[in-house]
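Here the sequence shown stands for residues 0 to 691, where the numbers follow numbering that gives the first Met the number 0.
So the structure is just underneath, and the comments pick up after that.
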Amino acid sequence: MMDLFSQIEEPERDEIRALRKELEEANYKYYVLNMPTLSDREFDEKMHRLQDLEARYPDMFDPKSPTQHVGSDLSRKSKDKSSKPFETVRHKYPMLSLANSYSREEIEDWVRKLPSGVEIVCELKFDGLSISLWYEHGQLVRALTRGDGVQGDDVIANIKTIPSIPWRIERNDIPDFFELRGEVLLPWERFEALNKEREEQEEPLFANPRNAASGTLKLQDPREVARRGLTAYLYYMLGENLPGTTHYERLATAREWGFHISDAIKVCHSVDEVMAYIAYWDTERKNLPVATDGIVLKVNNLAQQEELGYTAKTPRWAIAYKFPAEKQLTLLKEITYQVGRTGVVTPVANLEPIQLSGTIVQRATLHNEDFIKSLDIRPGDRVWVEKGGEIIPKITGKENLTAEGGLTDERSCSETVLQSEGRSFFPTKCPECGTPLVRIPGEAAWRCPNEAGCPPQIKGKIEHFVSRKAMNIDGLGEETIDLFYQKGLLHNIADIYDLKLEDIAAQERLGDKSAQNILAGIEASKQVPWARVLFALGIRMVGETTAKKIARVYTSIDSLQWATAEQLCAIEDVGPQIAENIVKYFEDLRNLEILDRLRQAGIQFEGEASPFRGNEGVLAGQSIVISGTFTQHSRDEYKTLIEANGGKNVGSVSKKTSFILAGENMGPEKLKKAEDLGIPLKTEDEFLKMIQ
Ligand code: IVH
Numbered sequence: 000m001m002d003l004f005s006q007i008e009e010p011e012r013d014e015i016r017a018l019r020k021e022l023e024e025a026n027y028k029y030y031v032l033n034m035p036t037l038s039d040r041e042f043d044e045k046m047h048r049l050q051d052l053e054a055r056y057p058d059m060f061d062p063k064s065p066t067q068h069v070g071s072d073l074s075r076k077s078k079d080k081s082s083k084p085f086e087t088v089r090h091k092y093p094m095l096s097l098a099n100s101y102s103r104e105e106i107e108d109w110v111r112k113l114p115s116g117v118e119i120v121c122e123l124k125f126d127g128l129s130i131s132l133w134y135e136h137g138q139l140v141r142a143l144t145r146g147d148g149v150q151g152d153d154v155i156a157n158i159k160t161i162p163s164i165p166w167r168i169e170r171n172d173i174p175d176f177f178e179l180r181g182e183v184l185l186p187w188e189r190f191e192a193l194n195k196e197r198e199e200q201e202e203p204l205f206a207n208p209r210n211a212a213s214g215t216l217k218l219q220d221p222r223e224v225a226r227r228g229l230t231a232y233l234y235y236m237l238g239e240n241l242p243g244t245t246h247y248e249r250l251a252t253a254r255e256w257g258f259h260i261s262d263a264i265k266v267c268h269s270v271d272e273v274m275a276y277i278a279y280w281d282t283e284r285k286n287l288p289v290a291t292d293g294i295v296l297k298v299n300n301l302a303q304q305e306e307l308g309y310t311a312k313t314p315r316w317a318i319a320y321k322f323p324a325e326k327q328l329t330l331l332k333e334i335t336y337q338v339g340r341t342g343v344v345t346p347v348a349n350l351e352p353i354q355l356s357g358t359i360v361q362r363a364t365l366h367n368e369d370f371i372k373s374l375d376i377r378p379g380d381r382v383w384v385e386k387g388g389e390i391i392p393k394i395t396g397k398e399n400l401t402a403e404g405g406l407t408d409e410r411s412c413s414e415t416v417l418q419s420e421g422r423s424f425f426p427t428k429c430p431e432c433g434t435p436l437v438r439i440p441g442e443a444a445w446r447c448p449n450e451a452g453c454p455p456q457i458k459g460k461i462e463h464f465v466s467r468k469a470m471n472i473d474g475l476g477e478e479t480i481d482l483f484y485q486k487g488l489l490h491n492i493a494d495i496y497d498l499k500l501e502d503i504a505a506q507e508r509l510g511d512k513s514a515q516n517i518l519a520g521i522e523a524s525k526q527v528p529w530a531r532v533l534f535a536l537g538i539r540m541v542g543e544t545t546a547k548k549i550a551r552v553y554t555s556i557d558s559l560q561w562a563t564a565e566q567l568c569a570i571e572d573v574g575p576q577i578a579e580n581i582v583k584y585f586e587d588l589r590n591l592e593i594l595d596r597l598r599q600a601g602i603q604f605e606g607e608a609s610p611f612r613g614n615e616g617v618l619a620g621q622s623i624v625i626s627g628t629f630t631q632h633s634r635d636e637y638k639t640l641i642e643a644n645g646g647k648n649v650g651s652v653s654k655k656t657s658f659i660l661a662g663e664n665m666g667p668e669k670l671k672k673a674e675d676l677g678i679p680l681k682t683e684d685e686f687l688k689m690i691q
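Right under this line is the structure:
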């Protein structure tokens, strides 16, 4: 008998372990990496299943299970105080999550457990990330992310860039301390503009405004945060001696104090009223400037809220209702293949147009060959297209009947052969220039290696070179570049500097005036600083920020050209792959020829000497830990000095550490570890002498 029971139990116990692992990973990908892998609904279904199973197997209780705590957005470096970008602070009141519901029945179930005649406040559920604002004597003193619910990152410098968040409340009727919680959001318009910019720079796009807001809030450059244009809505006031006896009154008070509170708040007295509110906002939310993904229902009376209390993860006095993701079935007419600036071939689904969340969708990315294989889709299939909280439509699966009524698993013989050989419809040759494609081991993408001869790569490189964040040459847009390429005027970035007034003016649509503008833009680009020139060259994986970091260490192209991969790896953010790309770039004679022509044209191949300009390479290849307090420079300045001299600042001591830049009161743990491993310590003076 026992055996029979254990045979039944074992798979369920395994399932508990598997679900815990899957949900932990999903939490990490959602909160830390900003790359959600499960839809909210899938996540909730798996979480419920885990809760059920854990209730059946109490002996498997584990306080670390995802059922026992909320996901965490703490920055990954949280254990390493010395290099942590934000201060981690304990919340005064835990920041909990909300239980989700998806139907009238689930809302009815929840209402049934509340005192009869209860008032329910309905609010929009904003789809951004939660923030907790602390006000002391009217002054904003902290702005914490949710983190793991117990402690969060203080991102106040970034929060202060949000115009609707007051830095100071000048009133004498406010308590000494209060906290306002709300949601930080990137409005749709800003999100689309940001993604457009990223597309132009071939940087990965944000899947939705929530991810974009989260990525933005964790930036370390508040000016960039300000430029992106975050906004915030506040929805919950906490503290002692606060005015009012209901949640609704508290929000009205917060509004009076100058906080940005949504107008879409309604006190409801029945489930019918709640459902009417939901029905209204499910349509109307499409006209809002920010993303919403549901409705939040809260018990209005604060005394009743207190009585109802909390579970480990959520308040019992509130629940979220999630809007269903919009999903439609349509015909996959054709798969086309797009070649980008770096030669990556991206499959694109061309669909029979459908209406989704107010926009017409006719194209969706299929990412790469593995994605097509995992969904097992091909032209003629009927596919599900979804647009949940995400602006970029996704293909999430296929229907088993093809448009002709055949079953997709009765694929034609040749297709089956293709599949069984592990190949899909993916082309083997570049759709633009016919060169055989290559797939770099470890990468998902197929690439056309014909950098210098493949038209979209040639044009893409020129477009990148002239783009706003690179050489910023006005007047040379995509169409003009295409025209000049067709007419044989442009083949590479150096050709730009050989363009003549008469050649440009002779083109259709371009008169003398436009030609002069273009030439003025080209002339002005000769003043663009070295860091941006380096970015403009379009070396694979060298984005704007990496280029800046490299240019700070290698202050001229001549020094960079001779840097080894090992030396390059010592620069912050430069890993082996980027280092190899840089080395390869300078090994290619065609690039050297182009660089020579750019130099003759007068491009800035040398940086300005900065106050922290380094004696390049003195610290090349060295990993240096900074510990303790200093008198001559700040920690940040020492970090810059290390990087400017070719070294790498690392957070923790290991056997790879070259030395420790040790100030006063060095941490005892670091000191012990350094002694154990025999890592030398250098004082401020010794360090400054080293780098002169
Ligand atoms: S109330 C203790 N109200 O939804 C409950 N949350 O899925 C505090 N959210 O972590 C939250 N709009 O980030 C509340 N009107 C609203 C909201 C809202 C969005 C977020 C919040 C919360 C998450 C739970």
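In this text, a Cβ means the ideal position worked out from N, Cα and C, and glycines have one as well.
> Taking 7 Å as the cut-off, does the CB of Ala290 come closer than this to any heavy atom belonging to ligand 1?
Replying inline: Distance from the C-beta of Ala290 to the nearest heavy atom of ligand 1 is not below 7 Å.
>> Just checking Ser129 against ligand 1 - is the residue's beta carbon closer than 7 Å to any of the ligand's heavy atoms?
In response: yes
> Counting along the chain, where does the beta strand (DSSP E) carrying Asn349 start and finish?
Replying inline: Looking at the DSSP string, the run of the beta strand (DSSP E) that includes Asn349 is Val343 to Leu355.
>> I need the DSSP call for Glu507, collapsed to helix, strand or coil.
In response: Coil at Glu507, not helix or strand.
> Given a threshold of 16 other Cβ atoms within 10 Å of its Cβ, counted over all protein chains shown, does Thr563 qualify as buried or as exposed?
Replying inline: exposed
>> Contact between the segment 483-491 and the segment 366-374 is defined here as three or more beta-carbon pairs at a separation below 8 Å; is this criterion met?
In response: Under the 8 Å Cβ criterion, the segment 483-491 does not count as touching the segment 366-374, having fewer than three qualifying pairs.
>> Rounded to the nearest angstrom, what separates Ala578 and Glu169 at their Cα positions?
In response: 53 Å
> Can Thr656 and Ser622 be called in contact, C-beta distance under 8 Å?
Replying inline: Yes.
> By DSSP, does Ile570 sit in helix, in strand, or in coil?
Replying inline: Reduced to three states, the DSSP call for Ile570 is coil.
> Thinking C-beta only, is Lys124 closer than 8 Å to Thr230?
Replying inline: Cβ atoms of Thr230 and Lys124: not closer than 8 Å.
> How many whole angstroms separate the CB atoms of Val649 and Ala673, which I take to be in contact at a CB cut-off of 8 Å?
Replying inline: 13 Å between Cβ atoms; not a contact.
> Can you tell me whether DSSP reads Ile623 as helix, strand or coil?
Replying inline: Ile623 falls in the strand class under three-state DSSP.
> Quick one, are the C-beta atoms of Leu355 and Lys332 less than 8 Å apart?
Replying inline: A distance of 8 Å or more separates the beta carbons of Leu355 and Lys332.
>> Need the endpoints of the beta strand (DSSP E) that Asn648 sits in, please.
In response: Lys647 to Val649
> Which one or two residues does DSSP pair with Ser64 in a beta bridge?
Replying inline: Answer is none; Ser64 lacks a bridge partner.
>> Do Ile457 and Asn491 count as a contact pair if the criterion is CB distance below 8 Å?
In response: Contact check for Asn491 against Ile457 passes: the beta carbons are separated by less than 8 Å.
> Are three or more beta carbon pairs between the segment 438-456 and the segment 325-339 nearer than 8 Å?
Replying inline: yes
> Can you tell me whether Gln566 is buried or exposed, with buried defined as 16 or more other CB within 10 angstroms of its CB?
Replying inline: buried
> Gln327 by DSSP, collapsed to three states: which one?
Replying inline: strand
> Buried or exposed: where does Phe85 fall if 16 or more other Cβ atoms within 10 Å of its Cβ makes it buried?
Replying inline: buried
>> Going by C-alpha to C-alpha distance, which of Gln150, Arg145, Val154 and Ile173 sits closest to Glu135?
In response: Ile173
> So Ala142 is in the beta strand (DSSP E); what residue range does that whole segment cover?
Replying inline: Gln138 to Thr144
> At what residue ranges does the segment 139-199 contain a whole run of the beta strand (DSSP E), taking only runs of 3 or more?
Replying inline: 150-153 and 176-184
> Using a threshold of 7 Å, is the CB atom of Lys124 nearer than that to any non-hydrogen atom of ligand 1?
Replying inline: yes
> Near Ala469, which residues of its chain fall below 7 Å by C-beta distance, leaving aside the five closest residues on each side in sequence?
Replying inline: His463, Arg531, Phe534 and Ala535
> Closest Cβ-Cβ distance between Ile538 and chain C: below 8 Å?
Replying inline: No chain C is present in this structure, which holds just one protein chain.
> Excluding sequence positions up to five away, which residues of its chain have a Cβ less than 7 Å from the Cβ of Ser81?
Replying inline: Low confidence applies here, because Ser81 scores a pLDDT of 40, under 50, leaving its location unreliable and the question unanswered by this model.
> Looking at C-beta atoms only, is the number of pairs between the segment 107-116 and the segment 87-96 that lie closer than 8 Å three or more?
Replying inline: no
>> I want to check one thing, is the minimum distance from the CB of Glu182 to the heavy atoms of ligand 1 below 7 Å?
In response: It does: the Cβ of Glu182 is within 7 Å (strictly closer) of some heavy atom of ligand 1.
>> Less than 8 Å between C-beta atoms, sequence neighbours within five positions excluded: which residues of the same chain meet that for Ile106?
In response: Ser100, Val270, Val273, Met274, Leu296, Ile318 and Tyr320
> Hey, how far is the Cα of Asn367 from the Cα of Pro221?
Replying inline: 35 Å
>> Tell me the residue span of the beta strand (DSSP E) that contains Arg362.
In response: Thr358 to Thr364
> Looking at the structure shown, is Ile277 part of a helix, part of a strand, or coil, going by DSSP?
Replying inline: helix
>> So within the segment 511-542, which uninterrupted alpha helix (DSSP H) runs reach at least 4 residues, ignoring any that extend past its ends?
In response: 511-523 and 529-535
>> Alpha carbons only, please: which of Pro426, Leu330 and Thr434 is nearest the one belonging to Trp383?
In response: Leu330
> How many angstroms separate the CA atom of Lys638 from the CA atom of Asp43?
Replying inline: 43 Å
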